[in-house]
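*Asks:* Below: one structure in structure tokens.
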């Protein structure tokens with residue numbers, strides 16, 4: 013298995029967590045988003061992922077390029093350490109929590125959006141940071157409200173073991189903290205994140221532990 017990854021990419025971080033939770037060995041292939049004009053935009057990488065984004069995943073059967081598709085694929089092929097509950101409502105709930113992050117927060121706060129704001133529209137750095145903080149805070153508020161009312165919420169986002177939702181939560185908290193957002197304002201998120209990052213799988217997937225870490 014190969015994972016084309018960038019150490020600070022939250023989408024790649026999610027997949028690294030899932031791989032480590034499942035105990036799956038893989039080769040990390042760094043794709044730097046800033047060097048050489050963006051290695052993810054070069055023709056060689058676009059042959060792997062036409063979208064020019066990270067992560068991309070390859071094994072002897074398939075190449076995939078969306079973090080949720082990759083994690084769900086791993087879930088089906090390697091079910092021994094499940095990242096989804098057994099019941100349909102629980103699975104739907106976990107996917108809902110993950111997509112609050114993956115669909116409502118990440119697409120409008122990722123690097124290519126921030127670069128477009130600064131480079132193509134001329135948004136000043138302070139305003140760009142305010143954009144990021146606004147959408148992350150709004151998303152975290154929504155996620156916190158969902159967690160607070162979920163009767164299935166346990167020590168983790170849903171239940172007593174990490175799920176796909178937790179694979180999404182920890183990277184989003186990491187990025188929020190990079191932009192000086194105090195997650196202590198969201199007690200459920202803060203509590204779950206603390207529990208997650210204490211686990212070896214989350215530690216192994218952390219950006220600081222990656223071969224391309226800077």
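In the working numbering, the protein residues as written are 13 to 226.
Heads up, the beta-carbon is just placed ideally off N, CA and C, and yes, glycines get one too.
Check the DSSP bridge columns for residue 39 and list the partner residues they point to.
*Replies:* Mapped onto the chain shown, residue 39 falls at position 27. In the DSSP output, where bridge partners are listed per residue, residue 39 has 14.
*Asks:* Just reading off the alpha helix (DSSP H) that residue 68 is part of, what are its end residues?
*Replies:* Counted from its first residue, the chain shown places residue 68 at position 56. Counting along the chain, residue 68 falls outside any alpha helix (DSSP H), though it belongs to the beta strand (DSSP E) covering 68-70.
*Asks:* Tell me where the alpha helix (DSSP H) around residue 214 begins and ends.
*Replies:* Here residue 214 refers to the residue found at position 202 when the chain shown is read from its first residue. Counting along the chain, the alpha helix (DSSP H) containing residue 214 begins and ends at 212-217.
*Asks:* Could you check whether the stretch 46-64 touches the stretch 101-113, counting it as contact only if at least three pairs of C-beta atoms, one from each stretch, sit closer than 8 Å?
*Replies:* no
*Asks:* Going by alpha carbons, who is nearest to residue 33 out of 191, 175, 79?
*Replies:* For the purposes of this step, residue 33 is taken as residue 21 along the chain shown, with counting starting at 1. Of the listed residues, the one whose Cα sits closest to residue 33 is 175.
*Asks:* Which ranges would you report for the alpha helix (DSSP H) in the stretch 106-155 if only whole runs of at least 4 residues count?
*Replies:* 123-127
*Asks:* Do the stretch 148-167 and the stretch 185-199 touch if we need at least three Cβ pairs shorter than 8 Å?
*Replies:* yes
*Asks:* Measuring straight from C-alpha to C-alpha, what distance separates residue 81 and residue 115?
*Replies:* On the chain shown, position 69 is the one that residue 81 refers to. On the chain shown, position 103 is the one that residue 115 refers to. C-alpha separation (whole angstroms): 13 Å.
*Asks:* Identify every residue that forms a DSSP beta bridge with residue 228.
*Replies:* Nothing can be reported for residue 228: it is not among the residues displayed for the chain, which extend from 13 to 226.
*Asks:* Kindly indicate which residue of 131, 111, 14, 140 has the alpha-carbon position closest to the one of residue 152.
*Replies:* Here residue 152 refers to the residue found at position 140 when the chain shown is read from its first residue. The shortest Cα separation from residue 152 among 131, 111, 14, 140 belongs to 111.
*Asks:* Shortest alpha-carbon distance to residue 30 belongs to which of 225, 226, 215?
*Replies:* As a position in the chain shown, residue 30 is number 18, starting the count at 1. Per the C-alpha coordinates, the member of 225, 226, 215 positioned closest to residue 30 is 215.
*Asks:* Pick helix, strand or coil for residue 169, following the three-state DSSP scheme.
*Replies:* Locating residue 169 in the chain shown gives position 157, counting from the first residue. It is coil, neither helix nor strand.
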